[in-house]
Each structure stands twice: as structure tokens, then as C-alpha cells.
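**Q** One structure coming up, written as C-alpha cells, with questions to follow.
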Amino acid sequence: MANKLKSQGIDIISFAQGEPDFDTPENIKEAAISAIKKGFTKYTNVPGIPELRKAVAEKFKKENGIVYEEDQIIISNGGKQALYEVFRTICQEGDQVMIPTPCYVSYA
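In terms of my numbering, the sequence shown opens at residue 61 and continues consecutively.
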């Protein structure tokens, strides 16, 4: 429905699944192609590439004034994985979790 309204020129904010409404930026496409050509096609370390974790920590310090160590940063594959990791970290066997509805599609 949201796509239909958008195609009619109606300005809406969709709360549907997280599909970007813009094309992948050229620099990201080029970086992906370059990485594939260099053989970066395998799984990374579970918490993420160390250089990326370091860059994220530096970004938080420089732009936000928040200090994190590299080992406090975890890079996820997206929102689903991040939420899964959070719940796996804080929930113990037998815990009850309340999820409001309507909810994110993956919770169902």
C-alpha cells in the first residue's frame, strides 16, 4: 500500500519492513566491487572487522564525545541480528518477554 501511495506522488512515511527507498550510493557499490575483487568474500570475526570496530570507536569519540574501547563495539549484519544479540545477552532461560503489537515483522 505504501508503494502504491508513493507512486501516486503522496508523501508518506512507511512503517513497513526496512527496505531503503533510495539506491545504494555509488561509493558503496564501488567499495563492494573492490572488496569482492580483493577476495573479501568470507565470514568476518563474530564481533566484526577489528579496523571497523576501531573506526566506530574513533567516530563516537570525535563526533559524540563518547569513549568506547574497540572491544566494546560489535558490528552486526543489521537490525534483526542486533536485536537477537541483545535479547540473547540479557534474557535467561525461563524469562518472559513482553512484545507489544503491532510489532516489528520479525517478532511475530
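From the three backbone atoms N, C-alpha and C, an ideal C-beta is built for every residue, glycine too. Since this is a predicted model, take the numbers as computed values, not measurements.
1) Between the alpha carbons of F120 and K64, how many angstroms are there, rounded?
2) Q68 to G138, Cα distance in whole Å?
3) Please determine, among K122, C163, E118, the residue with the shortest C-alpha to C-alpha distance to K140.
4) I'd like to check one pair, V116 with I88: are the Cβ atoms closer than 8 angstroms?
5) Can you tell me whether R113 is buried or exposed, with buried defined as 16 or more other CB within 10 angstroms of its CB?
6) Are I135 and P160 close, meaning C-beta to C-beta below 8 angstroms?
**A** This is what the structure holds:
1) Here residue 120 refers to the residue found at position 60 when the sequence shown is read from its first residue. Here residue 64 refers to the residue found at position 4 when the sequence shown is read from its first residue. Roughly 39 angstroms between the two C-alpha positions.
2) The residue labelled residue 68 in the question sits at position 8 within the sequence shown. The residue labelled residue 138 in the question sits at position 78 within the sequence shown. Whole-angstrom Cα-Cα distance: 30 angstroms.
3) Your numbering for residue 140 matches position 80 in the sequence shown. The shortest C-alpha separation from K140 is found at C163.
4) Translated into the one-based positions of the sequence shown, residue 88 becomes position 28. Translated into the one-based positions of the sequence shown, residue 116 becomes position 56. Contact flag unset, no.
5) On the sequence shown, residue 113 is found 53 positions in, with the first residue counted as 1. Classification for R113: buried.
6) As a first step, residue 135 is located in the sequence shown; it is residue number 75 there, counting from the start. As a first step, residue 160 is located in the sequence shown; it is residue number 100 there, counting from the start. No, they are not a contact pair.
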